[in-house]
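For reference, the structure discussed in these notes is given below.
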Amino acid sequence: MAGIIEKLGNTDRRIIFILIALSVIVPILFNLILPNPVGAEPSRDLFEYVDALQEGSNVLVSFDYDPSTMPELQPMAEAVVLHLFKKNINVVGMALWPQGASLGQDAMSKMADSLGKVQYEDWCNLGYKTGGGVMIVRLGSSMSAVFPADKDNVPWSEIPMLRNITDLESFSLIISLSAGDPGIIAWVMMAGDRFGVPVGGGCTAVSAPTLYTYLQTGQMVGMLGGLKGAADYETLVGIEGGQAVRGMAPQSVAHLVIMLFIVIGNVAYFSQKKKGGAR
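For what it's worth, the working numbering labels the leading residue of the sequence shown as 3, then goes sequentially.
Structure representation (structure tokens):
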């Protein structure tokens, strides 16, 4: 047995690379979908907060990311927007990142088409505006002063759903889907702490650990972390075989293969050391 472990520990790295590649490719080819149970997690907290909003409420969704993080954040955006539309909540989109406005447009128009929602009556996209936290503070005083027109240059005064919106306090919730700065933290500090508007969000997996503090202090109502968070929200909303749920299978299998080789490598190392073979 020890000999087998030692041989596995000396496996050619090219074989390891091939096995990892196969662990990603095979689940995709066979459309493998793994169970995705959702426990008492920040993703459920966000879902339940949205689910408790009254019909006709206004929610601001800020698409603060670019194409490099689409695999994690775009499924998140679609699931969140779909949930808002199902609840008959008015969705106002915007972006703190230049390319986020177009990505948000894709998500909102796709979900709107699936439910028959009408642009400018049920949803609109204000587009991108530079300024980060400073601009958010200005939104707290006057939305129309910062966005005199939407992404397609339709004047604020000509958009029916914006008639009852004046500033950030007109919103029941702000959701930032963020790949970095400016993003969730700016919304928490400027919109949440300063104007008292509830803030939730979604972020890449690598950013999630830095944001848990805001959940613990109650400065965020919930959070979606990485592909798992997106898959959780798809499950809660009832999206069958969504992008994130399908993406979890190759990611999970690849992680298992990597962990297996880490265990084998450590066992082989200590086995050789015990025999005096390691220096």
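Beta carbons: idealized from backbone N, C-alpha and C, even for Gly.
Exercise for the section: Helix, strand or coil for I27, going by three-state DSSP, please let me know. Expected result: Shown here, I27 sits in a helix according to DSSP, grouped into three states.
Exercise for the section: For L62, count neighbouring Cβ atoms within 10 angstroms of its own Cβ and tell me buried if that reaches 16, exposed if not. Expected result: Buried.
Practice task
Could you tell me which of N60, G185, I176 and V136 sits nearest to N166, measuring between CA atoms?
Solution key: Comparing Cα positions, the closest option is N60.
Handout entry: Sequence-distant residues of its chain with Cβ nearer than 7 Å to F197 (five each side left out)
Key = Within the same chain, F197 has close Cβ partners G142, L170 and E171.
Handout entry: Enclosing beta strand (DSSP E) for I176 [first to last residue]
Key = Unbroken beta strand (DSSP E) run through I176: L175 to S180.
Handout entry: Cβ-based burial, D124 [other Cβ within 10 Å; buried from 16]
Key = Buried, because 16 or more other Cβ atoms sit within 10 Å of the Cβ of D124.
Exercise for the section: Indicate whether A103 and K153 have their beta-carbon atoms separated by less than 8 Å. Expected result: Yes, the Cβ-Cβ distance between A103 and K153 is below 8 Å.
Practice task
Since I believe G203 is in contact with S180 (beta carbons under 8 Å), could you give me their beta-carbon distance rounded to a whole number of angstroms?
Solution key: The Cβ separation is near 6 Å, so the contact holds.
Exercise for the section: Identify whether D169 lies in helix, strand or coil by the three-state DSSP scheme. Expected result: DSSP places D169 in coil when its eight states are reduced to three.
Practice task
Assign P200 to one of two classes, buried (16 or more other C-beta atoms within 10 Å of its C-beta) or exposed (fewer than that).
Solution key: Note on P200: 16 or more other CB atoms within 10 angstroms of its CB, so buried under the neighbour-count rule.
Exercise for the section: Would you mind stating whether M163 and V148 have Cβ atoms separated by less than 8 Å? Expected result: Against a cut-off of 8 Å, the Cβ pair of V148 and M163 comes out as no contact.
Problem - Under 8 Å between C-beta atoms of G129 and A97 - result: Their beta carbons are under 8 Å apart, which means G129 touches A97 by this criterion.
Exercise for the section: Tell me, please, whether the CB atom of V52 is closer than 8 Å to any CB atom in chain B? Expected result: Annotation note: the requested chain B is absent from the structure, which comprises a single protein chain.
Handout entry: Of the residues Q253, L262 and I260, the one placed nearest E74, counting alpha carbons only
Key = Comparing Cα-Cα distances from E74 to each of Q253, L262 and I260, the minimum goes to Q253.
Practice task
Run the CB neighbour count on V190, radius 10 Å, all protein chains shown included, and call it buried at 16 or more, exposed below.
Solution key: Burial call: buried.
Handout entry: Three-state secondary structure assigned by DSSP to D68
Key = DSSP places D68 in the coil class of the three-state scheme, outside both helix and strand.
Exercise for the section: Classify W158 as helix, strand or coil using the three-state DSSP reduction. Expected result: W158 falls in the helix class under three-state DSSP.
Handout entry: Bounding residues of the beta strand (DSSP E) (the contiguous stretch that carries L238)
Key = Element bounds for L238: not the beta strand (DSSP E) but the alpha helix (DSSP H), G228 to V239.
Exercise for the section: Note down the Cα distance separating M261 from L31, rounded to an integer number of angstroms. Expected result: The alpha-carbon atoms of M261 and L31 are separated by roughly 23 Å.
Practice task
From the DSSP output, in three-state form, read off Q101 for me.
Solution key: In the structure shown, Q101 sits in coil (DSSP, three-state: anything other than H, G, I, E or B).
Practice task
Decide yes or no for the touch test of the segment 240-251 against the segment 43-52: beta carbon pairs closer than 8 Å, at least 3 of them.
Solution key: Proximity of the segment 240-251 to the segment 43-52 falls short of the contact definition, fewer than three beta-carbon pairs being nearer than 8 Å.
Handout entry: Beta-carbon proximity of P44 to G224, cut-off 8 Å
Key = Contact flag set, yes.
Practice task
With a floor of 4 residues, list each alpha helix (DSSP H) that falls wholly inside the segment 184-233, ordered by position along the chain.
Solution key: Fully enclosed alpha helix (DSSP H) runs of 4 or longer: 186-189 and 210-218.
Exercise for the section: Check whether the segment 236-245 touches the segment 211-222, counting contact only when three or more Cβ pairs, one atom from each stretch, lie closer than 8 Å. Expected result: Not touching, per the Cβ criterion.
Problem - Distance between beta carbons of S174 and G185, contact taken as under 8 Å - result: About 20 Å; that fails the 8 Å criterion.
Practice task
Measuring alpha carbon to alpha carbon, tell me which of Y122, I187, T237 and V259 ends up nearest N155.
Solution key: Nearest of Y122, I187, T237 and V259 to N155, Cα basis: Y122.
Exercise for the section: Compare the C-alpha of Q56 against each of N90, K112 and L258 and name the closest. Expected result: Nearest option by C-alpha distance: N90.
Problem - Sequence-distant residues of the same chain with beta carbon closer than 6 Å to R281, five excluded per side - result: Since pLDDT at R281 reaches only 48, below the 50 mark, its modelled position is unreliable, and the value read off the structure follows with that caveat. Same-chain partners within the cutoff: there are none.
Exercise for the section: Measure how close the beta-carbons of Q101 and D68 come, nearest whole angstrom, since I'm counting them as under 8 Å. Expected result: About 4 Å separates the Cβ atoms of Q101 and D68, confirming a contact at the 8 Å cut-off.
Exercise for the section: Run the CB neighbour count on H85, radius 10 Å, all protein chains shown included, and call it buried at 16 or more, exposed below. Expected result: When all chains shown are included, H85 counts as buried.
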